[in-house]
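In what follows, a structure is listed as structure tokens, so that the remarks can point back to it.
Residue numbers (our numbering), protein chains in the order written: chain A, 1 to 202; chain B, 1001 to 1180.
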């Protein structure tokens, strides 16, 4: 019989390999898969490189069905609309398999973008490959790159999904303000609970 | 398979209020005593509180599972977690369920647990996400479900995000239980 410590160690290694650990972009990294074309709700095929702004680029992995996304969506629309006219490229990427969540289908995305007044692209990550390359695990999850294309903020929209009126820390808004001003965000990494991304199996 | 249609949500809400009413009636009838067959309680807890509960369970193999009513894979995984508790509770396995639901969803969480026949105490997140996530495990990104596994000595031996099948769960837990 194998030594219990060895069994435990092997089990831990197996679990670590089987999850997303270590794959997420680190602060200082450049956007991967930046040339991948993704279909936007207006029919255009866009890549992260094409939407990049002169002052920075915001990529948010999101979707339609997730209740945490729904809770934050008004704030995402507000920030995206406000900063995409200030020189920050904004793109919201849906990596979910619509076979698992029909609410995440392309027509439903078109409706949602219209209803929420998105003035920035809301695109389909058709293989979930862009989310995999970023090491994204959940929706919503924000990645903000500076003018040089370097990741300077990764994480949550703010610290209270449930109640916008009770937000104490506006993580993403503060990071956007810093990047727009050409400085580094004071807080580079945050976490929040969200929906697991339903990756396509291929 | 969307998360919650408005109709399902209404049904669930109605069920939640009915359950909450029953809980109140049961509490009145039984004073402060909690009978073994009462519906699951959802005690507000921080990440540190949950780890303290793990510490108190030293001697058992403990699986902490963070779930939410809104999370489809979490709901799919719950019956398998409960089967593990049913089949291996007597061998020293303890399941600690922690709901990450919004405060407004707590009645729905209680109703869901009741519908699954949960009668043991459970917990509900009662602090900001960041502190709760890192308090439980700094490797956790925040995606649900999330699970932490502790051996009988209270050492954390595994952490994973995402749903596991019954066979996967058993494969992780059984070696720690020992004794065949």
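Don't be surprised by glycine CBs; every beta carbon is placed ideally from N, CA and C.
The C-alpha of residue 40 (chain A) lies about 16 Å from the C-alpha of residue 131 (chain A). Rounded to whole angstroms, the gap between the alpha carbons of residue 1153 (chain B) and residue 1061 (chain B) is 8 Å.
Fewer than three Cβ pairs drawn from the stretch 1116 to 1130 of chain B and the stretch 108 to 125 of chain A lie within less than 8 Å of each other, which leaves the two stretches out of contact. Nearest neighbour of residue 1108 (chain B) by Cα position, chosen from B:1156, B:1064, B:1176 and B:1041, turns out to be B:1041. Along the stretch 1064 to 1093 of chain B, going in chain order, the ones with a CB nearer than 7 Å to a CB of chain A are 1070, 1071 and 1073.
The DSSP assignment places 38 to 40 and 56 to 61 as complete runs of the beta strand (DSSP E) inside the stretch 13 to 85 of chain A, in order along the chain (cut-off: 3 residues). Straight-line spacing of the CA atoms in residue 1110 (chain B) and residue 24 (chain A) works out to 34 Å. Close CB contacts of residue 88 (chain A) within its chain, under the 6 Å cut and outside five residues either way in sequence, are with 53, 55, 56 and 58 (chain order).
Runs of the beta strand (DSSP E) lying entirely within the stretch 1078 to 1112 of chain B, each at least 3 residues long, are 1093 to 1099 in chain order. As the crow flies, the alpha-carbon of residue 162 (chain A) is around 32 Å from that of residue 43 (chain A). Note that the stretch 161 to 180 of chain A touches the stretch 67 to 76 of chain A; at least 3 beta-carbon pairs, one per stretch, sit closer than 8 Å. Residue 1065 (chain B) and residue 1145 (chain B) have their alpha carbons spaced roughly 7 Å apart. Counting only unbroken stretches of 3 or more residues, the beta strand (DSSP E) elements lying wholly within the stretch 1115 to 1160 of chain B are 1122 to 1125 and 1146 to 1150, in sequence order. Taking CB atoms only, residue 1110 (chain B) has no neighbour in chain A less than 8 Å away. Ranked by how close their Cα comes to the Cα of residue 97 (chain A), the residues A:147, A:124 and A:142 have A:124 in first place.
Taking the beta carbon of residue 1167 (chain B) as reference, no residue of chain A falls within 8 Å; the closest one sits roughly 14 Å away. Excluding residues up to 5 positions away in sequence, 1047 and 1048 lie with their Cβ nearer than 6 Å to the Cβ of residue 1135 (chain B) in the same chain. Counting only runs of at least 3 residues, the stretch 104 to 143 of chain A fully encloses the following beta strand (DSSP E) elements, listed from N- to C-terminal order: 122 to 124. Counting of Cβ neighbours within 10 angstroms places residue 1052 (chain B) among the exposed residues, the total staying below 16.
For residue 1177 (chain B) against residue 1059 (chain B), the beta-carbon gap comes to about 12 Å, at or over 8 Å, which does not count as contact. Below the 7 Å Cβ cutoff, chain B contributes no neighbours of residue 43 (chain A), its closest Cβ being approximately 25 Å away.
The closest CA to that of residue 26 (chain A), considering only A:188, A:196, A:102 and A:199, is found on A:188. Across the structure, residue 1076 (chain B) and residue 86 (chain A) are spaced so that their CA atoms are roughly 43 Å apart.
Contact check for residue 60 (chain A) against residue 142 (chain A) passes: the beta carbons are separated by less than 8 Å. At least one C-beta of chain B is nearer than 8 Å to the C-beta of residue 194 (chain A). Residue-level contact by beta carbon holds for residue 162 (chain A) and chain B, with a gap shorter than 8 Å. Interface flag for residue 137 (chain A) against chain B is set, since a Cβ pair is found closer than 8 Å. For residue 1102 (chain B), the C-beta contacts it makes with chain A under 7 Å involve 162, in order along the chain.
By the rule that beta-carbons nearer than 8 Å mark a contact, residue 190 (chain A) touches chain B. Boundaries for residue 1171 (chain B): no beta strand (DSSP E) harbours it, while the alpha helix (DSSP H) harbouring it runs 1166 to 1177, taken from the DSSP string. Contact between residue 196 (chain A) and residue 138 (chain A) is confirmed by a C-beta separation of about 6 Å, below the 8 Å threshold.
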